[in-house]
Each structure stands twice: as C-alpha cells, then as structure tokens.
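2 protein chains.
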Amino acid sequence: MLTVNQRTYQPPRQPTVVVCVDGCEPDYLAQAVAAGRMPWLQSALAEGTGLVADCVVPSFTNPNNLSIVTGAPPSVHGICGNYLFDTASGTEVMMNDPKWLRAPTLLAALADAGHSVAVVTAKDKLRRLLGHGMKGICFSSEKADQATLAENGIEDVPALVGMAVPDVYSAELSEFVFAAGVQLMRTRRPDVMYLSTTDYVQHKHAPGTPGANAFNAMMDRYLGELDAMGCVIALTADHGMNAKVGLDGRPDVIYLQDWCDRAIGTGRVRVILPITDPYVVHHGALGSFATVYLPPDQPAAPIVAQLRGLRGMELVLERGAAADRFELPADRIGDIVCVSERFTVIGTSVARHDLSGLDAPLRSHGGISEQRVPLVVNRKLANVDPNRRWRNFDAFDLVLNHLQ
Amino acid sequence: MLTVNQRTYQPPRQPTVVVCVDGCEPDYLAQAVAAGRMPWLQSALAEGTGLVADCVVPSFTNPNNLSIVTGAPPSVHGICGNYLFDTASGTEVMMNDPKWLRAPTLLAALADAGHSVAVVTAKDKLRRLLGHGMKGICFSSEKADQATLAENGIEDVPALVGMAVPDVYSAELSEFVFAAGVQLMRTRRPDVMYLSTTDYVQHKHAPGTPGANAFNAMMDRYLGELDAMGCVIALTADHGMNAKVGLDGRPDVIYLQDWCDRAIGTGRVRVILPITDPYVVHHGALGSFATVYLPPDQPAAPIVAQLRGLRGMELVLERGAAADRFELPADRIGDIVCVSERFTVIGTSVARHDLSGLDAPLRSHGGISEQRVPLVVNRKLANVDPNRRWRNFDAFDLVLNHLQ
Numbered sequence: 329m330l331t332v333n334q335r336t337y338q339p340p341r342q343p344t345v346v347v348c349v350d351g352c353e354p355d356y357l358a359q360a361v362a363a364g365r366m367p368w369l370q371s372a373l374a375e376g377t378g379l380v381a382d383c384v385v386p387s388f389t390n391p392n393n394l395s396i397v398t399g400a401p402p403s404v405h406g407i408c409g410n411y412l413f414d415t416a417s418g419t420e421v422m423m424n425d426p427k428w429l430r431a432p433t434l435l436a437a438l439a440d441a442g443h444s445v446a447v448v449t450a451k452d453k454l455r456r457l458l459g460h461g462m463k464g465i466c467f468s469s470e471k472a473d474q475a476t477l478a479e480n481g482i483e484d485v486p487a488l489v490g491m492a493v494p495d496v497y498s499a500e501l502s503e504f505v506f507a508a509g510v511q512l513m514r515t516r517r518p519d520v521m522y523l524s525t526t527d528y529v530q531h532k533h534a535p536g537t538p539g540a541n542a543f544n545a546m547m548d549r550y551l552g553e554l555d556a557m558g559c560v561i562a563l564t565a566d567h568g569m570n571a572k573v574g575l576d577g578r579p580d581v582i583y584l585q586d587w588c589d590r591a592i593g594t595g596r597v598r599v600i601l602p603i604t605d606p607y608v609v610h611h612g613a614l615g616s617f618a619t620v621y622l623p624p625d626q627p628a629a630p631i632v633a634q635l636r637g638l639r640g641m642e643l644v645l646e647r648g649a650a651a652d653r654f655e656l657p658a659d660r661i662g663d664i665v666c667v668s669e670r671f672t673v674i675g676t677s678v679a680r681h682d683l684s685g686l687d688a689p690l691r692s693h694g695g696i697s698e699q700r701v702p703l704v705v706n707r708k709l710a711n712v713d714p715n716r717r718w719r720n721f722d723a724f725d726l727v728l729n730h731l732q
Numbered sequence: 329m330l331t332v333n334q335r336t337y338q339p340p341r342q343p344t345v346v347v348c349v350d351g352c353e354p355d356y357l358a359q360a361v362a363a364g365r366m367p368w369l370q371s372a373l374a375e376g377t378g379l380v381a382d383c384v385v386p387s388f389t390n391p392n393n394l395s396i397v398t399g400a401p402p403s404v405h406g407i408c409g410n411y412l413f414d415t416a417s418g419t420e421v422m423m424n425d426p427k428w429l430r431a432p433t434l435l436a437a438l439a440d441a442g443h444s445v446a447v448v449t450a451k452d453k454l455r456r457l458l459g460h461g462m463k464g465i466c467f468s469s470e471k472a473d474q475a476t477l478a479e480n481g482i483e484d485v486p487a488l489v490g491m492a493v494p495d496v497y498s499a500e501l502s503e504f505v506f507a508a509g510v511q512l513m514r515t516r517r518p519d520v521m522y523l524s525t526t527d528y529v530q531h532k533h534a535p536g537t538p539g540a541n542a543f544n545a546m547m548d549r550y551l552g553e554l555d556a557m558g559c560v561i562a563l564t565a566d567h568g569m570n571a572k573v574g575l576d577g578r579p580d581v582i583y584l585q586d587w588c589d590r591a592i593g594t595g596r597v598r599v600i601l602p603i604t605d606p607y608v609v610h611h612g613a614l615g616s617f618a619t620v621y622l623p624p625d626q627p628a629a630p631i632v633a634q635l636r637g638l639r640g641m642e643l644v645l646e647r648g649a650a651a652d653r654f655e656l657p658a659d660r661i662g663d664i665v666c667v668s669e670r671f672t673v674i675g676t677s678v679a680r681h682d683l684s685g686l687d688a689p690l691r692s693h694g695g696i697s698e699q700r701v702p703l704v705v706n707r708k709l710a711n712v713d714p715n716r717r718w719r720n721f722d723a724f725d726l727v728l729n730h731l732q
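Sequence lines, in order, name chains A and B. Under the numbering used here, the first residue of the first sequence is numbered 329, with each subsequent residue one higher. Under the numbering used here, the first residue of the second sequence is numbered 329, with each subsequent residue one higher.
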C-alpha cells in the first residue's frame with residue numbers, strides 16, 4: 329500500500345494506463361460513439377464503467393494534469409494555472425517549473441516503490457511538472473527527438489514510435505502520444521503509464537463534426553490496442569470545451585484590463601489570464617477565468633459588485649471565497665477571481681490579444697461551464713456511486729483501488 | 329400609446345415583425361454567420377442591435393411564445409408549460425386552450441387599437457393561444473389549407489404562399505411560416521406581424537452542422553426580403569437547445585416517476601413533463617424540466633433533499649420558491665419543480681417513453697441551460713444597456729419603444 333497526499337493506493341496488478349484527453353468535453357465522446365466511430369469506447373462503456381466527473385476550476389491544462397497525478401486539488405499541489413503573477417519577484421511567469429509544485433506525484437511514489445512508470449505528454453511544457461522526482465520514462469511528443477536516457481529515461485523515440493516529430497499545432501502531436509504509449513506497452517510493458525494529449529483539435533472542432541470524430545476515432549484505435557494487451561485503462565480529461573462567440577461568430581470577450589483601467593485608473597490593476605502559455609495561436613489566450621491583483625489601497629468589495637453586473641460574467645469572488653470554492657492556493661490567485669459564462673471569455677486589453685491566427689470560431693475553456701469531463705474505466709468497478717461527485721483526479725484511485 | 333399587462337407601447341410607425349425562432353440556441357446563429365451563411369443577419373448585427381436575452385424557464389414553446397406576445401412572465405399570463413395537471417378535474421391536459429390564458433396579448437390590443445395584425449405559427453397547437461381575442465389574420469402552416477376567413481381571417485393560404493402544406497415533422501413547416509410572412513407583407517402589408525417556427529431541425533442538428541446552417545441560411549433569405557420591404561424586424565427565440573446524451577450517445581435520462589415510485593411508493597406521486605405535446609417523435613417527450621405532485625401526507629422537504637443529490641439534477645425547488653425564481657403561476661406547477669443539467673433530461677417511467685423515433689442523438693431543452701436566446705433588431709436602438717438582463721419578452725418593447 330502506498331500513501332500519497334493523504335490518499336492510499338494499492339499497487340497495480342496489471343498494466344495500468346491513465347489517459348488525460350485535453351479538452352475532451354463529454355459530448356465529443358457521445359457524438360463519436362453515436363456515429364459509430366468509437367467501437368472500443370462503446371464496448372468499454374457497456375462492459376466497464378462510464379462516469380461524468382468534475383475537473384478543477386480554473387479548467388486549464390496544468391492544474392488538472394497535476395491534480396490527476398497527485399490525486400489532489402491545487403490547494404495541495406500548488407499549480408493553479410498555466411501562468412501566474414509571482415508576487416515575490418513582481419513578474420508574470422509560466423507555471424511550468426517544478427519549483428511551483430507543493431506536493432509529490434503518485435507517479436514518483438509508484439516509481440520509488442519499484443514499479444516501472446512511463447509518462448508521455450504532447451507538449452513539453454507539462455513534462456517537467458509531471459515527471460518531477462520520478463524515476464522512469466518521461467518525454468513529450470514535441471521534443472521526442474531530443475529525449476535522452478539521462479533526462480527522459482529513453483532515447484531514439486521517433487524510431488520506436490515510427491513517426492516523425494509532428495508540428496506543435498497539429499492533431500498528430502496527440503496521435504504521437506497514443507502511438508508512443510502503444511509501442512512502450514508493446515516493448516517495455518510498464519506497470520503504470522500516464523498519457524496526456526493536447527487540445528489543438530478541440531479548440532477548432534465542435535463535438536460530432538468530422539474533425540472531432542476523426543480525432544476520437546484515432547484515439548479509439550490506439551486505446552483498443554492497449555486494451556487488447558491487457559491494460560486497465562482510465563480515460564478522463566483536464567477540462568471541457570465550448571464555443572466562445574457572440575451572435576456574429578466572433579469571440580465574445582470581456583476585456584478586463586481595459587475595464588479595470590477605466591474603472592480604477594490606468595495600470596493600477598494587474599489582470600492575469602492563467603490560460604496563457606507559449607502556444608496561444610489557436611485560442612488567442614482567451615479563456616473563461618481571470619484573476620485580478622488590486623493596488624493595496626483599493627478595497628475589493630466595490631469592484632466585485634461592479635464586475636458581477638457585467639453581461640457574460642458568471643461568478644466573481646474575492647480571494648478567500650474563491651480559494652475555498654475551487655480548492656485553490658490563496659497566495660497565488662490574486663485579490664479577485666472572475667469566471668465568465670459558457671459563451672464568453674475574458675481578455676486583458678484589446679491591443680494585447682492577437683486574434684489573427686483564429687481560423688475557426690473561437691472555442692475555449694477555463695470556466696465552470698467546462699468543468700464536466702468523462703471518467704471512463706474499461707472494467708467494472710466496485711463501490712462506485714454514480715451520484716457521488718466524482719473528480720477527474722479520482723482516476724488513479726478508481727483503477728488502483730476499485731477494480732472488481 | 330397602448331398599455332398591456334402594465335407595460336406601455338407606442339404604436340408601430342412602420343411594418344414591424346417579431347420572429348420567434350423555435351429552439352434557436354444563440355450558437356446556431358453564431359456558427360452560421362461565421363460560415364458566411366447568414367449575410368442578412370451579419371449586416372443586421374453590424375448595423376442594428378444584437379443582444380442575448382433570457383427566456384422563461386421552463387424553456388418550452390408555449391410559455392415563451394405567450395410571454396413574447398403578452399410582454400410578461402407566466403405568473404401573469406398563466407401558460408407555464410405545453411402540458412399540465414389540471415387539479416380541478418384531476419386530469420392531465422394540453423395547455424393549448426385559451427381558457428388557460430390569464431392575460432390579454434399585445435397582438436389583440438394592437439388590433440383593437442386599429443392596427444392590422446397577422447400571426448403565422450408552424451404548429452396549430454399555438455394558434456388559438458396566440459390569436460386569442462385578436463382581430464386579424466392568424467393561421468398555422470400545419471393547417472394552412474384549412475384556414476377560413478371566419479376562423480383565421482384568411483383563406484387559400486397555400487396558393488398565396490406558393491407551397492403545399494408541409495409535413496409536421498419537417499424543416500419546410502418552418503419555411504412555410506417565413507414564406508407566408510413575406511407574401512403577407514408583400515400583398516397586405518400588416519402593421520404588425522408575429523412569426524413563430526418549430527424546432528424540428530434544432531432537435532436533430534447541432535449548431536454549425538450542415539442541417540442547421542441550411543435552415544438558418546433559408547431563414548436569412550426570407551428575413552432579408554422582409555428587411556428590403558422596409559420592415560423593422562426583431563428576432564428572438566422561445567428557448568435554446570442542447571445535446572442531452574450520456575457518454576454512450578444515448579439519452580441521459582432521470583426517470584423521475586420510477587424514482588418516486590421506489591422512494592415513496594408506487595403511484596403515490598404524479599410526475600408531469602410540461603414538454604409533452606402531440607408531436608414528440610423527435611424528442612421522446614424528454615426535456616430538462618419536470619413538476620411533481622405529492623400526496624397530501626407527504627412533506628416536500630425530504631424528497632427535495634434526496635432529489636438534489638441525484639447526478640444530473642441542477643436545481644430542485646419547492647412550489648413557492650420555484651414560482652418566485654421563475655415567475656410561474658404557483659397554482660399550476662405542483663409541489664416540487666425539478667430542473668436537470670445541460671446534458672440530462674427528466675422522464676417519467678422507462679416504459680412510458682418511446683425512443684424508437686429518435687434517429688439522431690437526443691437534443692432537447694426545458695432547463696436553465698437553454699435559457700439564453702438571441703434578441704436581435706435590425707435597427708440601432710436608443711437607451712439599451714447590454715449589461716441589463718434582457719428577456720425574450722422584451723422584443724415588442726424594443727421594436728415599438730426603443731427605435732432610434
């Protein structure tokens with residue numbers, strides 16, 4: 329038995345794979361199954377277990393991947409966005425460095441306990457966080473050709489996978505993750521594997537459309553191969569995905585820095601968009617969650633009251649209430665947290681968002697409206713109450729502790 | 329000036345058309361505009377006014393159409409569903425009879441004030457309610473060939489429109505409404521026209537898909553013709569529309585009568601689904617809103633508490649709280665009101681829903697998740713605050729009182 333972040337896990341008894349499908353709104357699976365494009369998933373749902381779970385809000389990639397591999401919310405592991413304002417240094421930084429991590433991962437603990445562990449992620453930004461302190465294999469599709477035994481526990485990855493390194497903006501970047509997972513299972517049979525994709529496709533294609541169904545059909549084929557090799561598989565997501573457009577089909581944006589500049593004075597407030605990462609062409613850094621740092625002499629309450637009155641704003645909370653409600657580290661989320669509605673995103677200033685790369689109506693995430701995610705296991709489970717509030721970070725608990 | 333249901337309206341100064349597009353989730357328009365399929369709407373949004381409004385919950389056809397033509401919520405006009413339990417007679421009945429109407433319509437008042445008024449609705453079920461007490465033209469596509477001067481103020485409708493009466497389950501049933509509106513405007517130029525379609529297409533096709541875009545392109549052409557004739561046009565909807573399926577693509581249903589039978593005893597509770605109407609093939613009478621009538625000896629509170637714990641249930645309220653929150657007539661909504669979530673519907677008993685007619689993954693409405701609707705006017709308006717909570721039943725107020 330292994331205890332990590334106050335949860336106890338039994339050791340894996342068969343090869344165990346947890347898959348985090350980036351941006352996998354449940355409807356993607358539903359529509360693809362209904363169209364006959366996911367025969368493996370259809371049978372996994374019939375013969376295994378299909379739950380719908382809540383992800384962590386902000387419904388972004390880093391906080392949720394870290395929640396899944398720690399089994400805990402951001403209040404425990406500390407990763408509350410892809411991007412934050414570091415109050416200590418007074419700078420805005422990417423949250424990719426393991427120095428931000430406040431809790432050990434279950435992956436590292438399993439490796440320390442003698443189990444072989446492999447991690448494959450699409451983008452390199454997540455690799456160091458997921459692999460922190462972990463002995464084993466850990467690499468990204470994005471930099472698969474740069475993997476070394478010393479740094480990644482593996483080399484010559486493209487040759488193993490039989491694919492060239494794909495473009496960072498492509499469906500193939502995620503396919504590479506699945507193809508690598510299948511080849512790793514075939515050649516090395518790790519005890520535990522964690523696969524994490526990128527949501528490039530989901531940012532462009534709505535559930536049931538040809539682009540989305542093709543992606544899910546591809547995923548289904550690889551998961552079927554893993555299943556055929558005897559793997560226990562849990563499929564979940566870091567967050568959902570929704571259209572974020574006005575009636576004219578253009579992004580429906582609350583430009584929050586501009587609003588604060590008008591309301592409180594130019595430059596007195598700092599608006600942080602935790603969706604920000606190095607790759608923003610497909611969403612223009614527009615998501616449904618923002619944090620606001622106020623000047624010391626500015627009380628939060630009157631600003632909160634005004635922000636709540638804005639069309640498209642779903643929820644505005646002060647720091648303490650937001651930390652409680654969403655289980656976030658209070659020292660890293662600013663004075664005010666804003667969550668916009670299903671069809672609305674939050675930006676900083678008009679001038680700071682380059683939307684020229686958007687070649688399809690904006691789809692994005694970050695809010696409560698993207699909190700529902702699938703949680704599927706290809707086995708019947710014991711003691712599973714469908715009316716309980718399941719979390720995506722219960723995935724390892726289900727596959728290690730609840731198999732019938 | 330005309331005062332109806334405590335709201336005051338100026339008389340129409342030019343031909344004025346209010347269009348209620350059944351099931352028009354805002355994203356239908358956004359995706360069709362983005363795809364270049366709605367050039368009239370694109371220019372109306374650029375040169376006129378595009379708002380997003382809240383419809384009435386339950387987000388069903390009858391309550392919302394009556395709200396639009398009375399300018400008032402169901403607590404005023406009395407129509408709180410398509411279907412209700414008549415406690416006086418102890419029977420379940422359709423709410424199509426004007427005897428259920430508790431308020432006059434603006435349409436009747438305009439006609440009484442000497443303005444020419446025409447109403448065209450897709451299904452006949454709405455016709456008597458919309459036309460109650462109104463002098464003028466009022467007919468349905470469904471029974472266009474049976475219209476008489478005495479009953480409908482017009483005859484020989486198919487010849488006027490140049491279309492045969494379409495099948496009740498077809499996109500053409502709604503096209504007939506628009507085609508009739510254009511011919512009425514061309515030949516009789518009514519002062520005020522109200523057009524109301526059916527959501528057959530929206531129940532089958534998601535926003536941005538070919539079926540949905542074709543419907544919206546069709547609508548756009550007719551609205552462009554009305555605009556070219558000098559009409560002021562307001563476009564709104566009775567409710568939105570969402571996929572209502574589980575991960576396996578099949579309807580995600582809370583069978584509430586079965587649940588109550590198990591919890592309280594078989595047949596002791598009566599569950600009413602106000603979505604019920606004579607035409608349920610395309611949605612199986614499954615929506616996201618239900619009311620529950622308890623036996624006199626059964627307190628509501630413990631049942632409410634249990635129902636709130638069910639997966640997929642968004643909100644469960646006792647009668648008084650539900651009447652307050654949704655502005656409903658308390659004497660017509662039962663002891664408990666249940667609203668399910670975006671992807672979940674409520675049924676009665678498994679055996680009472682025939683889902684064999686569903687040839688596409690279920691899409692439906694009824695809940696809070698379908699409350700957002702478009703509210704577009706092809707004119708700039710004065711004194712319009714986009715942060716105000718607009719309602720679809722503000723449509724006549726906007727076009728009669730707020731033109732610049």
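Here a beta-carbon is modelled for each residue, glycine too, at the ideal position from N, C-alpha and C. Keep in mind that this is a model prediction, so the values were computed, not measured.
Residue closest to residue i, alpha-carbon to alpha-carbon, out of the options
i                 : options                                   : result
Arg647 of chain A : A:Glu655, A:Gly662 and A:Leu638           : A:Gly662
Cys383 of chain B : B:Phe721, B:Thr415 and B:Tyr550           : B:Phe721
Gly490 of chain A : A:Thr676, A:Ser403 and A:Val505           : A:Val505
Ser677 of chain A : A:Ala651, A:Leu709, A:Ile664 and A:Ala618 : A:Ala618
Cys666 of chain B : B:Gly640, B:Glu655 and B:His681           : B:Gly640
Val529 of chain B : B:Glu698, B:Ala628, B:Arg691 and B:Asn711 : B:Arg691
Cys352 of chain B : B:Ala658, B:Arg716 and B:Ser524           : B:Ser524
Ala613 of chain A : A:Val597, A:Gly409, A:Gly675 and A:Val704 : A:Gly675
Val668 of chain B : B:Met547, B:Glu698 and B:Val712           : The sequence given here has Ser at residue 668 of chain B, not Val. Nearest C-alpha to Ser668 of chain B: B:Glu698.
Arg707 of chain A : A:Leu728, A:Ala629 and A:Pro538           : A:Leu728
One or two residues paired with residue i in a DSSP bridge
i                 : result
Ser646 of chain A : The displayed chain sequence assigns Glu, not Ser, to residue 646 of chain A. Bridge partners of Glu646 of chain A: A:Ile664.
Ser692 of chain B : B:Asn570
Arg719 of chain A : A:Asp382
Val560 of chain B : B:Thr344
Ala618 of chain A : A:Cys666
Pro401 of chain B : According to DSSP, Pro401 of chain B bridges with nothing at all.
Cys466 of chain B : B:Val447
Ala565 of chain B : B:Val349
Gly675 of chain A : A:Tyr583
Pro702 of chain B : B:Val380
Neighbour-count burial assignment, residue i, 16 or more Cβ in a 10 Å radius
i                 : result
Lys427 of chain B : exposed
Gly593 of chain B : exposed
Gln585 of chain B : buried
Gly464 of chain B : buried
Gln732 of chain A : exposed
Leu703 of chain A : buried
Gly574 of chain B : buried
Leu477 of chain A : exposed
Met569 of chain A : buried
Thr331 of chain A : exposed
Asn480 of chain B : buried
Residues of the segment 622-655 of chain A with a CB closer than 7 Å to any CB of chain B: list them in chain order, please. Gly637, Leu638 and Arg639
Inspect the CB distances between the segment 588-595 of chain A and the segment 681-688 of chain A and report whether three or more fall short of 8 Å. no
Between the segment 384-394 of chain B and the segment 537-544 of chain B, can you find at least three pairs of beta-carbon atoms closer than 8 Å? no
Could you tell me whether the segment 365-383 of chain B touches the segment 572-584 of chain B, where touching means 3 or more Cβ pairs closer than 8 Å? no
Compile a chain-ordered list of the residues in the segment 564-591 of chain B whose CB is closer than 7 Å to at least one CB of chain A. Ala571, Val573, Gly574, Leu575, Asp576 and Gly577
With a cut-off of 8 Å, do at least 3 Cβ pairs link the segment 357-374 of chain B to the segment 401-420 of chain A? no
Would you list, in chain order, the members of the segment 520-548 of chain B that have their beta-carbon closer than 9 Å to a beta-carbon of chain A? Ala534, Pro535, Gly536 and Thr537
Can you confirm whether the segment 445-461 of chain B touches the segment 514-523 of chain B when touching is taken to mean that 3 or more C-beta pairs between the two stretches lie within less than 8 Å? yes
What residues from the segment 377-400 of chain A come within 8 Å of chain B, judged by C-beta to C-beta, listed N to C? Gly378 and Val380
Meets three-Cβ-pair contact criterion under 8 Å: the segment 398-409 of chain A and the segment 425-445 of chain A: yes
Listed from N- to C-terminal order along the chain, which residues in the segment 351-373 of chain B have their beta-carbon within a distance smaller than 7 Å of any beta-carbon of chain A? Pro354, Asp355, Leu357, Ala358, Gln359, Val361, Ala362, Gln370 and Leu373
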